[in-house]
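So the sequence shown is numbered by the working numbering: it starts at 1311 and just counts up by one.
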Amino acid sequence: MLQRLRDLSFVYKIPLRASVMLVGASLLLTASLIAREYEEARKDLLVHAGSVARLLATTLAGPILHDDVWRAFEIINAPFQPDAQAAAHAGELVLVMDPKRQVYVSTRPRDYPVLSDPGASDPEFGALQDAVARYSSSEPGPVELPGSRRIYVVAPILSDGALLGTLVMGYDTAMFLPRLYAIAVRGAIVTLLVLAVTLPVSWYWGRRMAAPLVELADDMAKIGTQPAADIEPGFRYESRDEIGRTGAAFRRMVGELREKEALEKEVLVSERLAAIGRLSAGIAHEINNPLGGMLNAISTFRRHGEDSAAVAARTISLLERGLLQIKETVAALLVEARIENRSLTPQDIQDTHTLALAAADREGLRFTWENDIVEPLPLPSTLVRQVLINLQLNAIEATSPPGEVYCHVF
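Now the structure itself:
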């Protein structure tokens, strides 16, 4: 899956990356807003809870001194009344513990009955009791327990400096969820609206930005698969940025490749003409020899062959062999001059020997030749013939007479 994403065209990569960055930024922004809102809500809760705890601790001092449990119960339940001003900040649990850390009164008497040990029924209250015992301030303050879902606010209940008990107010952090959920919903809605506006724009600009790269990649893919002369760059991005400079460099490269191919063709033709030129002397010698013999035979026939059938037959035989030799030499030269390509045949290889042999004879060298090719080969005959002729001629030029040139084709 990851490899498929890497292989995607930039037409899709650019918009996708822009979308991912936008979604990631929106998520980070929403998360930071939620964290900030949580801290503000927690701070606001602690401030109002501290005020309520201070008021309740002051009000509870009288009922506790008079051991009026019912009055104390009414006081701690007052914030839960529907018309109470502090109802919005009331805790889910309020209880009063005496100096012995036993329940004096609570808003949930069934769970925490009077004179019970809350730590026995709720392990969390055991840790809370220890924290309350260590609490030394006379003002209300928060007490947080590791791993607890509640935020506790404790307030000492004092009378003339004497500790009568401790007020504990517990708030469940789940009460923040509706507020945080509303922020998350608003953030999601805003993110979707922003995406709805920016996605089409990012896709449009992404395709605009990637289009030159796609054209350039398509043009570069043609290199090596077809001649440079047949490549017509479709890249028309005119700019001095990185893409524009790359496109300009590609066009220069195509132009240089075209010049190189044209130069290679010229060099090939020049090499062929040079090889034919070097062969000319040998070809002339190869043709002059039979021509001289034929002229001598004709001269002899004129002088002595008018009345002799044997002389006439021998003259005709000499003329035939001479003409055949000239024909073979000229045929090999004509094949070498042709530029069309066809499969390499054994006769093509033998022709190179015929053409090079004249040069060896002229230099006074002995030429040993072996050819094991008996079937046509799927090779370009013109190029192979040229290579073989060049090799043989180079060997002849590098050998001093009386030497020997050995060539074995297999």
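Idealized CB from N, CA, C, for every residue including glycine.
Point to revise | First through last residue of the alpha helix (DSSP H) which encompasses residue 1469 | key: As a first step, residue 1469 is located in the sequence shown; it is residue number 159 there, counting from the start. Taken as a continuous stretch (DSSP letters only), residue 1469 belongs to no alpha helix (DSSP H), being part of the beta strand (DSSP E) at 1460-1469.
Point to revise | DSSP three-state assignment for residue 1445, whether helix, strand or coil | key: On the sequence shown, residue 1445 is found 135 positions in, with the first residue counted as 1. Coil at residue 1445, not helix or strand.
Review point. In or out: residue 1267 buried (at least 16 other Cβ within 10 Å) or exposed?
Key: The chain is shown from 1311 up to 1720; residue 1267 falls before or after that span and cannot be answered.
Practice item. Express the C-alpha separation of residue 1407 and residue 1366 in angstroms, rounding to a whole number. Key: Counted from its first residue, the sequence shown places residue 1366 at position 56. Counted from its first residue, the sequence shown places residue 1407 at position 97. So the two alpha carbons sit approximately 13 Å from each other.
Point to revise | Exposure of residue 1459, with buried meaning 16 or more beta-carbon neighbours within 10 Å | key: Your numbering for residue 1459 matches position 149 in the sequence shown. Result: exposed.
Point to revise | Close beta carbons around residue 1504, own chain, < 8 Å, minus the five adjacent residues each side | key: Reading the sequence shown from its first residue, position 194 is the one you call residue 1504. So the list reads 1332, 1336, once near-sequence residues are dropped.
Exercise for review: Count the other CB atoms, across all protein chains shown, that sit within 10 Å of the CB of residue 1674; report buried if there are 16 or more and exposed otherwise.
Suggested key: Mapped onto the sequence shown, residue 1674 falls at position 364. Residue 1674 comes out exposed.
**Study point:** Coil, strand or helix - residue 1657 by DSSP
**Key:** Locating residue 1657 in the sequence shown gives position 347, where the first residue counts as 1. The answer is helix: DSSP assigns residue 1657 an H, G or I state.
Check your understanding: Got a sec? Which residues, its chain only, sit under 8 Å from residue 1498 by beta carbon, not counting five neighbours each side?
Key -> Within the sequence shown, residue 1498 is the residue found at index 188, counting from 1. Shown here for residue 1498: same chain residues with a beta carbon closer than 8 Å to its own, the five before and five after excluded, namely 1340 in chain order.
Review point. Less than 6 Å between the CB of residue 1323 and some heavy atom of the ligand MG, yes or no?
Key: As for the ligand MG, it is missing from this structure, which has no ligand bound.
Exercise for review: Sort 1343, 1472, 1363, 1325 by Cα distance to residue 1375 and report the nearest one.
Suggested key: As a working note, residue 1375 is residue 65 in the sequence shown. A check of alpha carbon separations from residue 1375 across 1343, 1472, 1363, 1325 identifies 1472 as the nearest.
**Study point:** Inter-stretch contact (C-beta, 8 Å, three-pair minimum) for the region 1653-1667 and the region 1694-1714
**Key:** yes
Point to revise | Which of helix, strand or coil DSSP assigns to residue 1693 | key: Looking up residue 1693 in the sequence shown gives position 383. Three-state DSSP puts residue 1693 in a helix.
Practice item. Kindly indicate which three-state DSSP category residue 1480 falls into: helix, strand or coil? Key: Here the question's residue 1480 lines up with position 170 in the sequence shown. Of the three classes helix, strand and coil, the one that applies to residue 1480 here is strand, per DSSP.
Check your understanding: Would you say the region 1520-1529 touches the region 1345-1359, given that touching needs at least three Cβ pairs under 8 Å?
Key -> no
Check your understanding: How about residue 1404 and residue 1413: do their beta carbons lie closer than 7 Å?
Key -> Here residue 1404 refers to the residue found at position 94 of the sequence shown. Here residue 1413 refers to the residue found at position 103 of the sequence shown. No. Outside cutoff.
Point to revise | Inter-residue Cα distance where the pair is residue 1383 and residue 1350 | key: On the sequence shown, residue 1383 is found 73 positions in, with the first residue counted as 1. On the sequence shown, residue 1350 is found 40 positions in, with the first residue counted as 1. A direct Cα-Cα distance of roughly 31 Å separates residue 1383 from residue 1350.
Review point. By DSSP, does residue 1414 sit in helix, in strand, or in coil?
Key: If you number the sequence shown from 1, residue 1414 lands on position 104. Three-state result, residue 1414: strand.
Review point. Can you tell me whether residue 1399 is buried or exposed, with buried defined as 16 or more other CB within 10 angstroms of its CB?
Key: Residue mapping note: residue 1399 aligns to position 89 of the sequence shown, counting from 1. With a pLDDT of only 43 at residue 1399, under the threshold of 50, the placement of this residue in the model should not be trusted; the figure read from the coordinates follows. Under this definition residue 1399 is a buried residue.
**Study point:** residue 1580 burial status per 10 Å Cβ neighbour count (16 or more: buried)
**Key:** Within the sequence shown, residue 1580 is the residue found at index 270, counting from 1. Counting Cβ neighbours within 10 Å, residue 1580 comes out exposed, since fewer than 16 surround it.
**Study point:** Burial state of residue 1658 (16 or more Cβ within 10 Å)
**Key:** Working through the sequence shown from its first residue, we reach residue 1658 at position 348. Buried, by the Cβ-count rule.
Exercise for review: Would you give the residue range spanned by the beta strand (DSSP E) that residue 1718 belongs to?
Suggested key: By 1-based counting over the sequence shown, the position of residue 1718 is 408. 1714-1719 is the span of the beta strand (DSSP E), which, as asked, contains residue 1718.
Check your understanding: When the cut-off is 7 Å and only beta carbons count, does residue 1422 lie next to chain C?
Key -> No chain C is part of this structure, which consists of one protein chain only.
**Study point:** Beta-carbon proximity of residue 1568 to residue 1538, cut-off 7 Å
**Key:** Taking the first residue of the sequence shown as position 1, residue 1568 is located at position 258. Taking the first residue of the sequence shown as position 1, residue 1538 is located at position 228. Yes, the pair counts as a contact, with Cβ atoms nearer than the cut-off.
Review point. In terms of residues, what are the limits of the alpha helix (DSSP H) holding residue 1403?
Key: Here residue 1403 corresponds to residue number 93 of the sequence shown, with the count starting at 1. Not the alpha helix (DSSP H): residue 1403 falls in the beta strand (DSSP E), residues 1403-1407.
Practice item. Give me the Cα-Cα distance between residue 1560 and residue 1348, rounded to the nearest whole angstrom. Key: Counting from one through the sequence shown, the residue named residue 1560 turns up at place 250. Counting from one through the sequence shown, the residue named residue 1348 turns up at place 38. Going from the Cα of residue 1560 to the Cα of residue 1348 covers about 58 Å.
**Study point:** Buried or exposed by the 16-neighbour rule on C-beta atoms within 10 Å, applied to residue 1491
**Key:** As a first step, residue 1491 must be located in the sequence shown, where it is residue number 181. Residue 1491 is exposed by the Cβ-count criterion.
**Study point:** residue 1451, enclosing beta strand (DSSP E) - first and last residue
**Key:** In the sequence shown, counting from the first residue as 1, residue 1451 sits at position 141. Start and end: 1451-1453.
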